[in-house]
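Colleague: Here the working numbering = 1-based position in the sequence shown + 43. All C-beta atoms in this analysis are idealised placements derived from N, C-alpha and C, irrespective of residue type, glycine included. Dumping the structure here so I can ask a few things about it.
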Amino acid sequence: PEANPQISADGATVLFSAYGKREAYLVASQGGEITKICDDCGTWNVSHDATDLLYWYSATNPLVSIGLFHLPTGRKLELIKHAQYNLYQPQFSPDDRWIAFLAQMGQGASRIYITPFKGLSKTDNSEWIEITGGERSDDKPRWSPDGNLLYFTSERDGFMCLWAQRLDPTTK
């Protein structure tokens with residue numbers, strides 16, 4: 044069975060994973076032949092031009108990091124990593140210039156960050172912008188359509204609620 048479908052912004056392509064496997068596929072949204080695009084990558088989020096795929100990268104490390112698969116070249120790289128924290132939930136901004144993601148700080152505590160997306164260049168931890176403090180479990184960062192709000196779930200008030208953080212349109 045298929046898992047985690049992603050539809051390209053133009054609606055022409057559907058990317059998906061095979062449930063229980065780390066393999067990514069694509070197919071035209073109108074149907075047709077399914078094409079396997081990579082092993083050991085799966086799908087999590089696709090850029091709006093459908094050229095870059097973000098996924099959970101954990102092949103060589105004890106910690107989970109964020110990988111990038113560049114569809115035109117077939118190149119895979121570990122894009123975002125941290126020496127102490129598992130990283131999850133990567134999401135491209137609507138203009139594909141930023142990536143929001145989650146850092147698991149420990150049991151019941153996680154922090155949401157944003158970092159610039161520079162194509163096939165790894166990001167540096169010094170460029171990470173802290174969006175939430177990490178005292179509670181913040182989860183599922185998602186961009187507003189204009190990229191000026193970041194929505195997420197959190198238990199910061201003792202209940203699981205939907206929150207939003209305003210972002211500077213230029214610097215985030």
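What number of angstroms, rounded off, separates the C-alpha of Ala143 from the C-alpha of Ser136?
Modeller: Approximately 7 Å between the Cα atoms of the pair.
Colleague: Using the beta-carbon count (16 or more within 10 Å), is Leu216 buried or exposed?
Modeller: Here the chain comprises residues numbered 44 to 215, so residue 216 is not present and cannot be evaluated.
Colleague: For the beta strand (DSSP E) that Glu109 lies in, which residues bound it at each end?
Modeller: For the record, residue 109 in the displayed sequence is Ile; it is not Glu. Looking at the DSSP string, the run of the beta strand (DSSP E) that includes Ile109 is Ser108 to His113.
Colleague: Who are Trp186's beta bridge partners in DSSP?
Modeller: Paired residue(s): Leu193.
Colleague: Suppose contacts are defined by Cβ-Cβ distances below 8 Å. Is Glu170 in contact with Ala152 by that definition?
Modeller: For Glu170 and Ala152, no; Cβs fall outside 8 Å.
Colleague: With DSSP as the reference, identify every bridge partner of Gly149, one or two as the case may be.
Modeller: Bridge partners of Gly149: Ala152.
Colleague: Spatial neighbours of Asp167 within its chain, please: CB distance less than 8 Å, with the 5 preceding and 5 following residues excluded, ordered by chain position.
Modeller: Answer for Asp167: no residue qualifies.
Colleague: Any idea what DSSP makes of Ser60, helix, strand or coil?
Modeller: Of the three classes helix, strand and coil, the one that applies to Ser60 here is strand, per DSSP.
Colleague: Would you mind stating whether Ile80 and Leu120 have Cβ atoms separated by less than 8 Å?
Modeller: No, they are not a contact pair.
Colleague: Verify whether the separation of the beta carbon atoms of Trp87 and Pro133 is less than 8 Å.
Modeller: Their beta carbons are under 8 Å apart, which means Trp87 touches Pro133 by this criterion.
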